[in-house]
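Step one of this worksheet: look at the structure below.
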Amino acid sequence: MDQLAPLYSIISKDFEIDELTTEALIRERLVEAFAYLLDNDISKMMNILYRTDVDEVKLKKLLISNSELPSAEVIADAYIARQKEKIETRKKYSR
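Numbering (the numbering used here), first residue to last: 44 to 138.
Here it is, written out as structure tokens:
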């Protein structure tokens, strides 16, 4: 869990999720959350992605190139990837 602690910490600012033990479980909960937001509150989802600084152009390309996957999965993966980038950047500059 030590490796997941920073990821959980940053994700829990946007989503109310229980502290999970694997990245796969975190991803699963985020896919569920983004599926819900896609169906019920697109503006909230867009706000989360904007605040998280998920690149809109890159996300559109990912959605097009992965059209066989549910959109919520592609969005969750992009969100997680961006959060991991932030964690790495913080590690790099905190030394």
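Every residue gets a Cβ at the ideal spot worked out from N, C-alpha and C, and that includes glycine.
For residue i, which residues from the same chain have a beta carbon less than 6 Å from its beta carbon, with the 5 sequence-adjacent residues on both sides left out?
i, result
"Phe77", "Ala115, Ile118 and Ala119"
"Arg72", "Ile60"
With DSSP collapsed to three states, give me the class of residue i.
i, result
"Asp120", "helix"
"Asn83", "helix"
"Gln126", "helix"
"Pro49", "helix"
"Ser108", "helix"
Hey, would you say the C-beta of residue i is under 6 Å away from at least one heavy atom of the ligand MG?
i, result
"Leu47", "The ligand MG is not part of this structure, which contains no ligands at all."
Apply the 10 Å Cβ neighbour rule to residue i and answer buried if 16 or more other Cβ atoms are within range, or exposed otherwise.
i, result
"Val74", "buried"
Taking a contact to mean a Cβ-Cβ separation below 7 Å, would you say residue i touches residue j in this structure?
i, j, result
"Arg70", "Val97", "no"
"Lys87", "Leu80", "yes"
Which same chain residues, not among the five before or five after residue i, have their C-beta less than 7 Å away from its C-beta?
i, result
"Asn109", "Val117"
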